[in-house]
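Let me begin by presenting the structure, written as C-alpha cells, before commenting on it.
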Amino acid sequence: MLLIVAIITTFAMTKFNQVTNKTHLVTLKSQLALIQSGISKQKNKNILLSNLPNISSLDDASINVNNQELFKKVIGFSIVSTNTSDRKLGSWAKVSQNSYIFYLESNPINFVLENNSFVCKSQEDICKELN
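Set out below in C-alpha cells:
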C-alpha cells in the first residue's frame, strides 16, 4: 500500500512541476508581449510629440532589489521584482539599468533594452520559443 502511495505521489509531483514551469513560461510570454507593445507605443508617442524616439530606460527601479516596480515607464501597471539572490520563479530581476532576468525553473532568461527593443539574450533555442 505504501509503495502505491509513493508511486502516485511521485507521478503527481512530476506533473505538478511540469504544470508550474508551463505556467511561468506563459506568464513570461504574456508579460514580454506587454512590454514590447508598451515600448512600441512609447516610441510612437515620442515621435508624435516631436521628441527623440529613443527610450533610455523602462523604469526607475533600483538594481537587484526585491519588490521594485519594473517596466513602469512602458506599461500601465508594474511588475514586482525579485533579486538575483532569491531568484523567485516566475519573476523578473533588474540586473543593470537596461538588463533584466526572468527566472524559470529550467534556467534564467536574459533580456536587454537595446535600440528601442526588448531583446532576448539567452540561448537561441530558448529565445525562439518565446516568439
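For what it's worth, this note's numbering labels the leading residue of the sequence shown as -16, then goes sequentially. All C-beta atoms in this analysis are idealised placements derived from N, C-alpha and C, irrespective of residue type, glycine included.
Do residue i and residue j have their C-beta atoms within less than 9 Å of each other?
| i | j | result |
| --- | --- | --- |
| residue 76 | residue 47 | yes |
| residue 17 | residue 58 | yes |
| residue 19 | residue 101 | yes |
| residue 62 | residue 53 | yes |
Report, in whole angstroms, the separation of the C-beta atoms of residue i and residue j, which I expect to be a contact under 8 Å.
| i | j | result |
| --- | --- | --- |
| residue 64 | residue 50 | 7 Å |
| residue 28 | residue 43 | The pair is not a contact, with the Cβ atoms about 18 Å apart (cut-off 8 Å). |
For residue i and residue j, I'd like the C-alpha separation in whole angstroms.
| i | j | result |
| --- | --- | --- |
| residue 92 | residue 32 | 34 Å |
| residue 105 | residue 23 | 22 Å |
| residue 8 | residue 34 | 35 Å |
| residue 87 | residue 30 | 36 Å |
| residue -1 | residue 69 | Summary for residue -1: the model assigns pLDDT 48, below 50, so the residue's position carries little reliability; its value from the coordinates is reported in the next sentence. Answer to the nearest angstrom: the Cα atoms are 22 Å apart. |
| residue 66 | residue 21 | 23 Å |
| residue 108 | residue 94 | 14 Å |
| residue 37 | residue 90 | 31 Å |
| residue 11 | residue 111 | 13 Å |
| residue 103 | residue 78 | 14 Å |
| residue 13 | residue 25 | 18 Å |
Tell me, please, which residues DSSP counts as bridged to residue i.
| i | result |
| --- | --- |
| residue 76 | 84 |
| residue 95 | 82, 102 |
| residue 52 | 63 |
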